[in-house]
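Student: Using the numbering used here, the letters of the sequence shown correspond one by one to residues 8 to 212.
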Amino acid sequence: MDYPVELDYGGFMKKLVLILALVLVMGGALFADVDWTSYPSGLGPGHPMLNIGIGIGYNYGWKLKVPPILASIDFPVELGGIPFSFGGGFGMAMYGYDYGNSSSGYTYRYTNMVINGRFAYHPNLGVPNLDVYPILTLGMRLRLYKYEGRGYYSSGWSDSSGMNGYFDFGAGIGIRYYFSNFFGIYAEAGYTGLTWINAGLTLKF
């Protein structure tokens, strides 16, 4: 039975730092009207942003039972004249492994959840309705597992379940585009909870 594969945080973070640096340099070159000290138009303190999406590029080798579902909210907070946001996020995905038949075999279910805080920077690129933001996350990853054996596999293995917790850190780059004052779409690349990429709907209040 193949066990879930762990993230290579060291190698990932080195590549991500380089990518983020390139994105910021290219952004400054492509958008001549970048204002590094103000929010994009329509954003700012008093206007929280809610993301609800699905993750792809998940990190585990088992069969996917429930795709990564992620939700996060960001509250713009200006610090020292710099356009930041603080918030939190939650994500959940379920994986499984089935072996044998109804009389002999085993079933393994594995639920991965993440609860984290979020910190992002929102420069104004001078493009209406566009929000591009580098982001850092910090929180806890929870793993819930359940094993059930049948027939031969129940004699050597007792049914078991449990939970483990792990420190979770991530970084990435996100983009939002609003079609109205309330509704838009978003995507985040990098590790910001469970997956390498997540995308979906964004709401602005």
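Glycine included, every Cβ here is placed at the ideal spot set by N, Cα and C. Please read all numbers here as calculations on a predicted model, not as lab measurements.
1) In whole angstroms, what is the alpha-carbon distance linking S3 and E155?
2) Output the residue ranges of the alpha helix (DSSP H) runs that lie fully inside the region 39-75 and measure 4 residues or longer, sorted by chain position.
3) Do P52 and V84 come within 8 Å of each other at the CB atom, strictly closer than that value?
4) Give me the Cα-Cα distance between G124 and G103, rounded to the nearest whole angstrom.
5) Helix, strand or coil for V134 per DSSP?
6) Along the beta strand (DSSP E) that carries T199, what are the first and last residues, could you check?
7) Taking the C-alpha atoms as reference points, what is the distance between P75 and G62?
8) Contact check, F189 vs K211 under 8 Å by CB: the rounded distance?
9) Measuring alpha carbon to alpha carbon, tell me which residue in I122, L71, D175 is nearest Y115.
10) Whole angstroms is fine: what's the gap from Y106's alpha carbon to R148's?
11) Is it the case that the Cβ atoms of G96 and G207 are separated by a distance below 8 Å?
12) L50 to S92, Cα distance in whole Å?
13) Tell me whether F189 sits in a helix, a strand or coil according to DSSP, three-state version.
14) Please determine, among N171, I180, P90, G197, the residue with the shortest C-alpha to C-alpha distance to S45.
15) From the DSSP output, in three-state form, read off N108 for me.
16) Pull up the CB-CB distance for G98 and I142, whole angstroms please, since I reckon it's below 8 Å.
17) Measure the alpha-carbon distance for I204 versus G177 and round it to whole angstroms.
18) Is M101 closer than 8 Å to D81 when the C-beta atoms are compared?
19) Whose C-beta lies closer than 8 Å to the C-beta of M8 among residues of the same chain, with five residues either side of it excluded?
20) Going by Cα to Cα distance, which pick from V121, P47, Y117, G87 is closest to A78?
Tutor: Taking the coordinates as given:
1) A question about residue 3 goes unanswered here, because the residues of the chain that appear run from 8 up to 212.
2) none
3) In the sequence shown, residue 84 corresponds to position 77, counting from 1. In the sequence shown, residue 52 corresponds to position 45, counting from 1. The answer is yes: Cβ separation under 8 Å.
4) On the sequence shown, position 117 is the one that residue 124 refers to. On the sequence shown, position 96 is the one that residue 103 refers to. Our two residues, G124 and G103, have alpha carbons roughly 28 Å apart in a direct line.
5) Position 127 of the sequence shown holds residue 134. Looking at V134 - three-state DSSP - the assignment turns out to be coil, as it is neither helix nor strand.
6) As a working note, residue 199 is residue 192 in the sequence shown. Taken as a continuous stretch (DSSP letters only), T199 belongs to no beta strand (DSSP E), as it is neither H nor E.
7) Counted from its first residue, the sequence shown places residue 75 at position 68. Counted from its first residue, the sequence shown places residue 62 at position 55. Computed Cα separation, rounded: 5 Å.
8) As a first step, residue 189 must be located in the sequence shown, where it is residue number 182. As a first step, residue 211 must be located in the sequence shown, where it is residue number 204. F189 to K211, Cβ: 6 Å. Contact.
9) Here residue 115 is taken as the residue at index 108 of the sequence shown, counted from 1. Nearest C-alpha to Y115: L71.
10) Translated into positions along the sequence shown, residue 106 becomes position 99. Translated into positions along the sequence shown, residue 148 becomes position 141. Computed Cα separation, rounded: 27 Å.
11) Mapped onto the sequence shown, residue 96 falls at position 89. Mapped onto the sequence shown, residue 207 falls at position 200. The criterion of a C-beta distance shorter than 8 Å is not satisfied by G96 and G207.
12) On the sequence shown, position 43 is the one that residue 50 refers to. On the sequence shown, position 85 is the one that residue 92 refers to. L50 and S92: Cα-Cα distance of roughly 10 Å.
13) Here residue 189 is taken as the residue at index 182 of the sequence shown, counted from 1. Here F189 sits in coil by DSSP.
14) Numbered from 1 along the sequence shown, position 38 holds the residue referred to as residue 45. It is P90 whose Cα lies nearest to the Cα of S45.
15) Residue mapping note: residue 108 aligns to position 101 of the sequence shown, counting from 1. Here N108 sits in coil by DSSP.
16) Start at 1 with the first residue of the sequence shown, and residue 98 comes out as number 91. Start at 1 with the first residue of the sequence shown, and residue 142 comes out as number 135. Contact check for G98 and I142: beta-carbon distance about 14 Å, past the 8 Å limit, so the pair fails to qualify.
17) The residue given as residue 204 occupies position 197 in the sequence shown. The residue given as residue 177 occupies position 170 in the sequence shown. Near 12 Å, if we compare the C-alpha coordinates of G177 and I204.
18) Working through the sequence shown from its first residue, we reach residue 81 at position 74. Working through the sequence shown from its first residue, we reach residue 101 at position 94. Their beta carbons are not under 8 Å apart, which means D81 does not touch M101 by this criterion.
19) Along the sequence shown, read from residue 1 onward, the residue named residue 8 stands at position 1. The pLDDT assigned to M8 is 43, lower than 50, so where the model puts this residue is not dependable, and the model offers no usable value.
20) What you label residue 78 is simply residue 71 of the sequence shown in a count that begins at 1. Of the candidates V121, P47, Y117, G87, the one whose C-alpha sits nearest the C-alpha of A78 is V121.
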